[in-house]
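Chemist: At position 180 of the sequence shown the residue is numbered 296 (the working numbering), and the sequence of numbers has no breaks.
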Amino acid sequence: MGLRVSLMPAEGRKERPPDTGRRALILVLVLIVETIVIGSLYFLTIQRTSVMESEKAKYEEEMTQLNQQIGTAVEEARDMRIFGVQMGAVQQALDSHVYWTKAFDFLAANTHPSVRYVNFTGDSRTRVIVVDAVGGSYKDVAEQIVIMRESPSVESVQTSSAAARVSEVGEIEGVSFSMVLRLSPEVWLDVSTGGGDI
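1. Could you tell me whether the Cβ atoms of Val246 and Val296 are closer together than 8 Å?
2. So, is Gly290 buried or exposed, given that buried needs 16 or more other C-beta atoms within 10 angstroms?
3. What does the Cβ neighbour count give for Gly286, buried or exposed, with the cut at 16 atoms within 10 Å?
4. Can you tell me whether DSSP reads Leu119 as helix, strand or coil?
5. What span of residues does the alpha helix (DSSP H) with Val82 cover, start to end?
6. Here's the rule: buried if 16 or more other CB atoms are within 10 angstroms of the residue's CB, otherwise exposed. What is Met264?
7. Name the DSSP beta bridge partners of Phe236, please?
8. In this structure, does DSSP put Leu157 in helix, strand or coil?
9. When DSSP labels each residue in this structure, what does Thr275 get in the three-state scheme?
10. Per DSSP, Val270 is paired with what?
11. According to DSSP, simplified to helix, strand and coil, what is Val190?
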């Protein structure tokens, strides 16, 4: 037997019919693999979206909590600022009380034993005090004026009037007088803190 070679086109030859069963199997396998791949990708996408939405909700909750904390901190800061202003006002009032107390202590320490103060006006900014007083006699009034003029803590003393109260029998019961005193700054200083004028 020999080898036969035909130079004729294959038109004349019969071709085998295609194997449709094998092709169908390959097609089914390709469809199954595509379905598995697409299904897996879809599942992973859904899972990732779910995780991202969960993280987003968590971050939104944290942001809400932070906003609440910031709001609370801002409110506390405002309250602290108001409290600071109020404490400053209270401190100023207390300091003013201390300064006035020093001025009153000065008056008490430099008052003649028979003199009693009945009216008082003053201004700590100008350091001027006006007192209406009653002394036992004109001599007591004069001694009181001298006490104030000789005090190094008094810058100036002015008297505007003096009038005796006379009893029905003609005896002097007391002498009313007024003094305008300008006190030196140290009378108004808070020595304990080295303070200053008010």
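All residues carry an ideal CB built from backbone N, CA and C; glycine is no exception. Just so you know, these numbers come straight off a predicted model, no measurement behind them.
Modeler: On the basis of the coordinates in this document:
1. For the pair Val246 and Val296, the CB atoms are nearer than the 8 Å cut-off.
2. That one is buried.
3. Exposed, by the Cβ-count rule.
4. Three-state DSSP puts Leu119 in coil, outside helix and strand.
5. The first residue shown for the chain is 117 and the last is 314, placing residue 82 beyond what the model contains.
6. Met264 is classed as buried because its beta carbon has at least 16 other beta carbons within 10 Å across all chains shown.
7. Paired residues: Val247.
8. Leu157: helix per DSSP, three-state reduction.
9. Taken through DSSP and simplified to helix, strand or coil, Thr275 comes out as strand.
10. Listed as beta-bridge partners of Val270 by DSSP are Leu299.
11. Of the three classes helix, strand and coil, the one that applies to Val190 here is helix, per DSSP.
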